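Undergrad: These protein sequences, in sequence, are chains A and B. Mapped onto the working numbering, the consecutive letters of the first sequence carry residue numbers 2 to 249. Mapped onto the working numbering, the consecutive letters of the second sequence carry residue numbers 2 to 249. Dumping the structure here so I can ask a few things about it.
Protein chains: 2
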Amino acid sequence: MARFFIAASNIVGGVAYLDSKAMDHIKVLRIRNGETFTVCDGSGTDYECRLADTQGANGVAQVLSCAPSGAEPSVKVTVFAAWPKGDKAELIVQKCVELGAGEIVFFPSSRCVVKVDAAGAQKKVMRLGRIAEEAAKQSGRGVIPAVTAAGSFTDAVKAACGHDCALFLYEDEKTLGLRTVLEENGEAKSFALMTGPEGGFSPEEADAAAKAGMRSTVMGPRILRCETAPICALTAVMLMSGNMQEGK
Amino acid sequence: MARFFIAASNIVGGVAYLDSKAMDHIKVLRIRNGETFTVCDGSGTDYECRLADTQGANGVAQVLSCAPSGAEPSVKVTVFAAWPKGDKAELIVQKCVELGAGEIVFFPSSRCVVKVDAAGAQKKVMRLGRIAEEAAKQSGRGVIPAVTAAGSFTDAVKAACGHDCALFLYEDEKTLGLRTVLEENGEAKSFALMTGPEGGFSPEEADAAAKAGMRSTVMGPRILRCETAPICALTAVMLMSGNMQEGK
């Protein structure tokens, strides 16, 4: 069934008020009065609706039923990715939204190839937010994951440490493997996954993350590109937490 | 340490004969006579070498030691991906090589958006083979995974069934989740992972794969894009088979 996101404030008293963006989508799909579709409030609730009125740029639909979105995972995973170069940030956002991330935070790191200042970060996260919305729609998510920018590596580590399990994915880690750490954290409800830039994290950053309480974790002997690492780590968390077991 | 692939037949009696491609790479990296680097024979053996002579387009290096490549996984995974549109095949190859695939096979499927004939497939796999080589070098693999094209869906299913565990990743599968099937196949040494095109597999294809002996498996309630599904499934196999536990 077709799915659109509209603001929760536009779903009032059994009626969904469709904004011009949702109406554009409805017109493209040639949905007519009396036909049904799904409206998501972006907070994890899906509403089955019947189109009632399409006059003008906006429209009105009757809410038939509502239920928690079946596609939202049982764990909240925040992906912290160092700013990559080129269009890799888009790939990270698109794939991580598909795979069930709760939020995606980009941050500066000492070996980042691109230097992103505050204004640049603001512009980038605006654009990446639209990619997150598209990916959320396409993959059937009930939430549009937020895409934000941390001002510094230290800020990102601090935010990561607020999760039940905060992993620092580090290719120079010698002992702790991803599967082991996920098995040890079977009861965790929130995860932070922090991955580095093209040149990897510096030893100083690894030390700072460990001192702040993050677990340094390796993902095997193969060197993963900076855009592959978050996709890989997120898949592992979803698999081990039982969030890749059932169909839609 | 720098890594190059050269043909196994060029490593003879303690000497590695470097072809012009390897020499180009050596020149770019400004490696000088007496300095060391790693040569891979593409069959899973790494040779530590010392550059001995760089006169002319070719060069000669002395083999100091050799050992099995530490980056090769303990399981052989063949990824069978339906031909996708655009440049998604490149993304699939690059990411699957990084993540440890043994071989990547593209095949036609009833809902493929692009129709690839035999000549087109030949041309595409040539180009994709070069991407596999680049990704193998960059990720530190000891083998360059082959990229091939199956002539038909039926041929691909037949080839998949030759593996210890042959999974048909199907979004309409209702009961069997990826983690469960991988736990049940903890002893498998070879895996086939078959994923569909943009429009998904047809019910007839799902039936044919099941009849041939493949296990229909779902990867959770979120709809994955056709290029995300093989990356996700491969990560899960590597994680569950213990191939993401140790560093390099």
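Heads up, the beta-carbon is just placed ideally off N, CA and C, and yes, glycines get one too. Since the structure is predicted, the reported quantities are computational estimates derived from the model, not experimental observations.
1. Who are the near neighbours of Ser203(A) in its chain, counting only those whose CB is closer than 7 Å to its CB and skipping five residues on each side?
2. Check each residue of the segment 125-137 of chain A: if its Cβ is closer than 9 Å to any Cβ of chain B, include it; give the result in chain order.
3. Quick one, which of Cys50(B), Thr46(B), Asp156(B), Thr218(B) has its alpha-carbon nearest Met2(B)'s?
4. Using 8 Å as the threshold, is the C-beta distance between Asn244(B) and Ser140(B) below it?
5. If you drop the 5 nearest sequence neighbours on each side, which residues of the same chain put their C-beta closer than 7 Å to that of Ile145(B)?
6. Could you check whether the segment 165-172 of chain A touches the segment 183-203 of chain A, counting it as contact only if at least three pairs of C-beta atoms, one from each stretch, sit closer than 8 Å?
7. With respect to the beta strand (DSSP E) encompassing Thr155(B), which residues constitute its N-terminal and C-terminal limits?
8. Near Asn89(B), which residues of its chain fall below 6 Å by C-beta distance, leaving aside the five closest residues on each side in sequence?
9. Roughly how many angstroms lie between the CA atoms of Lys212(A) and Phe154(B), to the nearest whole one?
10. Specify the secondary structure class of Thr79(A) as computed by DSSP and reduced to three states.
11. Under 8 Å, do Val80(A) and Pro231(A) count as touching if we go by C-beta distance?
12. Could you tell me if Gln123(A) is buried or exposed, where buried requires 16 or more neighbouring beta carbons within 10 angstroms of its beta carbon?
13. List, in chain order, every chain B residue whose beta-carbon is nearer than 7 Å to that of Lys96(A).
14. Looking at the strands, I want to know which residues DSSP matches up with Phe192(B).
15. Taking CB distances under 8 Å as the criterion, tell me whether Val29(B) reaches chain A.
16. Counting pairs of Cβ atoms below 8 Å between the segment 189-200 of chain B and the segment 52-65 of chain B, do you hit three or more?
17. Could you tell me which chain A residues have their CB closer than 8 Å to the CB of Gln139(B), listed as they occur along the chain?
18. Under 7 Å Cβ to Cβ from Gln95(B), same chain only, skipping five residues before and after it: list those, please.
19. Considering only the alpha carbon of each residue, which of Ala207(B), Gly187(B), Gly101(B), Ala161(B) lies closest to Cys233(B)?
20. Mapping the DSSP letters down to three states, classify Leu65(A) as helix, strand or coil.
21. Would you verify that the beta carbon of Asp208(B) is, or is not, closer than 8 Å to some beta carbon of chain A?
22. May I ask you to report which of helix, strand or coil DSSP gives Thr229(A)?
23. If the cut is a Cβ gap below 8 Å, which residues of chain A does Leu100(B) touch?
24. Under 8 Å between C-beta atoms, does Lys175(A) make it to chain B?
25. Can you tell me where the beta strand (DSSP E) with Leu52(A) in it begins and where it stops?
26. On a Cα-Cα basis, can you pick out the residue from Met24(B), Val238(B), Ala147(B) that is closest to Gly221(A)?
27. Starting from the C-beta of Leu225(B), find all residues in its chain whose C-beta is less than 8 Å away, skip the five residues before and the five after it, and write them out in chain order.
28. Taking the alpha-carbon positions, what's the Gly248(A) to Ala72(A) distance?
29. Taking Gly143(B) and Asp47(B) to be in contact with their CB atoms under 8 Å, please state how far apart those CB atoms are, rounded to whole angstroms.
30. Quick one: Cα of Ala23(A) to Cα of Ile105(A), how far?
31. Name the chain A residues that come within less than 9 Å of Glu247(B), Cβ to Cβ?
32. Which same chain residues, not among the five before or five after Leu183(B), have their C-beta less than 7 Å away from its C-beta?
33. Just to confirm my understanding: we take Met215(B), look at its own chain, exclude 5 residues before and 5 after, and list those with CB closer than 8 Å. What are they?
34. Could you tell me which residues DSSP puts in a beta bridge with Leu179(A)?
35. Along the chain, which unbroken stretches of the beta strand (DSSP E) at least 3 residues long are found entirely within the segment 118-154 of chain A?
36. Here's the rule: buried if 16 or more other CB atoms are within 10 angstroms of the residue's CB, otherwise exposed. What is Asn186(A)?
TA: With the structure as the only source:
1. Close CB contacts of Ser203(A) within its chain, under the 7 Å cut and outside five residues either way in sequence, are with Ser111, Arg112 (chain order).
2. Listed by position, the residues of the segment 125-137 of chain A near chain B (Cβ gap below 9 Å) are Ala136.
3. When each option's Cα is compared against that of Met2(B), the closest is Cys50(B).
4. The beta carbons of Asn244(B) and Ser140(B) sit no closer together than 8 Å.
5. Contacts found: Phe6, Gly43, Ala133, Glu134, Ala137.
6. Yes, the segment 165-172 of chain A is in contact with the segment 183-203 of chain A.
7. Where Thr155(B) is concerned, there is no enclosing beta strand (DSSP E), although the alpha helix (DSSP H) around it starts and stops at 154-161.
8. Note that residue 89(B) is Lys in the sequence shown here, rather than Asn. Closer than 6 Å at the Cβ level, and outside the excluded window around Lys89(B), lie Glu228.
9. One Cα belongs to Lys212(A), the other to Phe154(B), and the distance between them is close to 53 Å.
10. Thr79(A) carries a strand assignment under DSSP once its states are collapsed to helix, strand and coil.
11. The beta carbons of Val80(A) and Pro231(A) sit closer together than 8 Å.
12. Flag for Gln123(A) reads exposed.
13. Here the neighbours are Thr229.
14. Looking at the DSSP output, Phe192(B) bridges to Val78(B), Cys166(B).
15. Not one beta carbon of chain A lies nearer than 8 Å to the beta carbon of Val29(B).
16. Short answer: they don't touch.
17. Those are Ile224, Arg226, listed as they occur along chain A.
18. Counting only Cβ-Cβ distances below 7 Å, and skipping sequence neighbours, we find Ile132, Ala136.
19. The residue with the shortest Cα to Cα distance from Cys233(B) is Gly101(B).
20. Leu65(A): strand per DSSP, three-state reduction.
21. Not closer than 8 Å to any Cβ of chain A, the Cβ of Asp208(B) fails to qualify, so no.
22. Thr229(A) falls in the helix class under three-state DSSP.
23. Contact of Leu100(B) with chain A by beta-carbon distance below 8 Å involves Arg223, Leu225, Thr229, Cys233.
24. Output row for Lys175(A): interface = yes.
25. Here the beta strand (DSSP E) through Leu52(A) covers 46-54.
26. When only C-alpha atoms are compared, the closest one is Val238(B).
27. Excluding positions up to five away in sequence, the list reads Glu172, Cys233.
28. When rounded, the distance between both Cα atoms is 9 Å.
29. Confirmed, about 6 Å.
30. So the alpha carbons of these two residues sit roughly 25 Å apart.
31. Within chain A, the residues near Glu247(B) are Lys175, Thr176, Gly178, Val219, Gly221, Pro222.
32. The answer, listed in chain order, is Ala237, Val238, Met241.
33. Closer than 8 Å at Cβ, skipping near neighbours: Val158, Ala161, Cys162, Ala167, Leu168, Phe169, Ala193, Met195.
34. Per DSSP, none; premise fails for Leu179(A).
35. Counting only runs of at least 3 residues, the segment 118-154 of chain A fully encloses the following beta strand (DSSP E) elements, listed from N- to C-terminal order: 147-150.
36. With 16 or more Cβ atoms within 10 Å of its Cβ, Asn186(A) is classed as buried.
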